[in-house]
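Numbering (this note's numbering), first residue to last: 77 to 395.
Glycine included, each C-beta is placed from N, C-alpha and C at the ideal position.
Being a predicted model, the structure only gives us computed values, none of them experimental.
Comments concern the structure below.
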Ligand code: COA
């Protein structure tokens, strides 16, 4: 395999929206949200642009790796909530951090970070890059209908970043898409075509129970598949980084996998579902907390709109 993670970084918006605060304008309760999802609060972009967040996460990862903007060969951004439809989010971050390498986005919803790692794998395998910056950044708050209690309570905003270099850290990686639009989608914003009514409002629409069913299967199959592809057994895994969509989905995976629950890394109570940013934020927090030791084997898995899912096993190579 082709790369190792050299460093991590993250950034969160200043504004925290607690369940109690949400209850002042949405017909819900802290008890309902906590018991159905495990979420207690989320950060939302009130002042920051998504580029601000992503650039901050990127700068932290680059400083930690001792990598300057001129050292980067490629910038990949996983996002579905960019500041612009065009240029790409990777392009606006490139400008913000003063880089000049090629930069483009990967749109694969919540597993987008793992899809971006798969693209990076190809660049390293072809010898096209020595340093790649992968960022996952989401302002999910922009995609929510804040009158729809079945979706708006679930998501939060944030950004995570990693710098990758050639190495043997990546042990297995698999990405999947099954074309199913109707269970989770955000319609595109429309222009004002002459003589036509304005298009639909652009908010996330979700069939929560269908997504739930897909998620529990995708999580267990993905983790098992990637562990097997890496030539490992579940007992070998030091840490699981599951997508932070719903604590009940994570608990289902805990009950089915032969990996002790305390090895599952979780921050959903504080951050909610930050879509593609969940896993790199979790990585950076866990590194900062001193949990990750050189040589640890990390299993990652995420699922989302598409329907997409992805999983990976990565050996932690940072001292
Ligand atoms: N507060 C209070 N009540 C709510 C509510 C809220 N925020 N959201 C929904 N409800 C109500 C519903 O209106 C429904 O009421 P009714 O029975 O009177 O019609 C009731 O709660 C049960 O709704 P239901 O959809 O059956 O709840 P659920 O147990 O399936 O939980 C989700 C809903 C969304 C939490 C759950 O389906 C889920 O997590 N799905 C996966 C979503 C996900 O992970 N999305 C991101 C993928 S990346």
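Bounding residues of the beta strand (DSSP E) (the contiguous stretch that carries residue 274): In the DSSP assignment, residue 274 falls outside any beta strand (DSSP E) and carries neither an H nor an E.
Nearest-angstrom Cα distance between residue 132 and residue 271? In this structure, the straight-line span from the alpha carbon of residue 132 to that of residue 271 is close to 44 Å.
Restricting to Cα atoms, I'd like to know which of 223, 212, 130 is closest to residue 98. The shortest C-alpha separation from residue 98 is found at 223.
Complete runs of the alpha helix (DSSP H) confined to the stretch 260 to 315 [at least 4 residues]: Runs of the alpha helix (DSSP H) lying entirely within the stretch 260 to 315, each at least 4 residues long, are 284 to 305 in chain order.
Thinking C-alpha only, which one of 137, 114, 91 is nearest residue 84? Selection 137, 114, 91 evaluated against residue 84 yields 137 as nearest (Cα-Cα).
Taking only beta-carbon atoms, is residue 394 less than 7 Å away from chain B? Absent here is chain B; the protein component of the structure consists of one chain.
When you compare only the Cα positions, how much space is there between residue 82 and residue 161? The alpha-carbon atoms of residue 82 and residue 161 are separated by roughly 30 Å.
Check the C-beta distance from residue 336 over to residue 237 and give it rounded, since I have them as a contact under 8 Å. The beta-carbon separation of residue 336 and residue 237, rounded to 29 Å, does not stay under the 8 Å limit for a contact.
Enumerate in chain order the residues of its own chain whose CB-to-CB distance from residue 228 is below 6 Å, with the five nearest sequence positions on each side excluded. Cβ within range, chain order: 220, 222.
Evaluate residue 264 with the Cβ neighbour count: other Cβ atoms within 10 Å of its Cβ, from every protein chain shown; 16 or more gives buried, anything less gives exposed. Exposed, because fewer than 16 other Cβ atoms sit within 10 Å of the Cβ of residue 264.
Residue 387, DSSP secondary structure in three states: Three-state result, residue 387: strand.
Rounded to whole angstroms, what is the Cα-Cα separation between residue 126 and residue 346? Cα to Cα, residue 126 sits roughly 19 Å from residue 346.
How many Å lie between residue 196 and residue 152 at the Cα? Distance between the alpha carbons of residue 196 and residue 152: 8 Å.
Could you give the first and the last residue of the continuous beta strand (DSSP E) run that contains residue 141? Looking at the DSSP string, residue 141 is not in any beta strand (DSSP E); the run it does join, the alpha helix (DSSP H), is 126 to 141.
Nearest residue (CA-CA) to residue 326, options 394, 311, 310, 344: Of 394, 311, 310, 344, the smallest CA-CA separation from residue 326 is found for 344.
Below 8 Å, how does it come out for the stretch 100 to 117 and the stretch 139 to 154: are there three or more Cβ pairs, yes or no? Taking 8 Å as the limit for Cβ pairs, the verdict is that the stretch 139 to 154 does not touch the stretch 100 to 117.
Do the CB positions of residue 184 and residue 191 come within less than 7 Å of each other? In contact: residue 184 and residue 191 (Cβ atoms closer than 7 Å).
Please look up how many angstroms separate the CB atoms of residue 351 and residue 216, rounded, as I've assumed it's under 8 Å. Going by Cβ atoms, the distance from residue 351 to residue 216 rounds to 6 Å, so yes, they are a contact pair.
Per-residue DSSP class, three states only, for residue 355: If DSSP states are grouped into helix, strand and coil, residue 355 belongs with the helices.
Going by the CB atoms, is the gap between residue 181 and residue 166 shorter than 7 Å? Result yes, Cβ atoms of residue 166 and residue 181 sit closer than 7 Å.
Is residue 222 a contact residue of the ligand COA, with contact defined as CB to any heavy atom under 6 Å? It does not: the Cβ of residue 222 is nowhere closer than 6 Å to a heavy atom of the ligand COA.
Would you tell me roughly how many angstroms separate the C-alpha atoms of residue 209 and residue 331, rounded to the nearest one? Roughly 35 Å separates the two Cα atoms.
Is residue 287 near the ligand COA, in the sense that its beta carbon is under 6 Å from a heavy atom of that ligand? Flag set: Cβ of residue 287 near the ligand COA.
Residue 296 CB to nearest heavy atom of the ligand COA below 6 Å: No, the Cβ of residue 296 stays beyond 6 Å of every heavy atom of the ligand COA.
Just confirm the distance between the C-beta atoms of residue 121 and residue 379, as a whole number of angstroms; I'd bet it's less than 8 Å. That pair is no contact at about 24 Å.
Sequence-distant residues of the same chain with beta carbon closer than 8 Å to residue 226, five excluded per side: Within the same chain, residue 226 has close Cβ partners 282, 284.
Determine the closest residue to residue 124 out of 148, 90, 257, with distance taken between C-alpha atoms. Taking only the C-alpha atoms, the option nearest residue 124 is 90.
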